[in-house]
Amino acid sequence: MVVMFLDNQFLKLFFPSLVLSLSLSSCLFFLNFYTISHRQRNHQGMEMRSLRWSLSWWCSLSML
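When the count follows the numbering used here, it moves up by one through the sequence shown with no breaks and lands on 72 for the last residue.
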């Protein structure tokens, strides 16, 4: 019974943060993808930097 209670508390704490991080990362990813796809081709370095930034942001969010 104690283990079930602890699991429930853990899920209540963990699940909202997981959903929030997933939604934030997906929004950021799609926003980055949109800006990259609508940018000109001569900004290759900037595209790679923003893509790398979004990937690092996603990784840091999924670590939470």
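Backbone N, C-alpha and C define an ideal beta-carbon position, used for all residues, glycine too. Quick caveat: nothing in here was measured; it's all calculated off a predicted structure.
Under 8 Å by Cβ, that's how I've got W66 and S33 pegged, so tell me the actual separation to the nearest angstrom.
-> Here residue 66 is taken as the residue at index 58 of the sequence shown, counted from 1. Here residue 33 is taken as the residue at index 25 of the sequence shown, counted from 1. Confirmed, about 4 Å.
Measure from the alpha carbon of N40 to the alpha carbon of each residue in L63, S68, N16, S25, then state which is nearest.
-> Stepping through the sequence shown from its first residue, residue 40 is reached at position 32. Nearest option by C-alpha distance: L63.
How about K20: is its Cβ closer than 7 Å to a heavy atom in the ligand MN?
-> For the structure depicted, the ligand MN is absent and the ligand set is empty, with no information on it obtainable.
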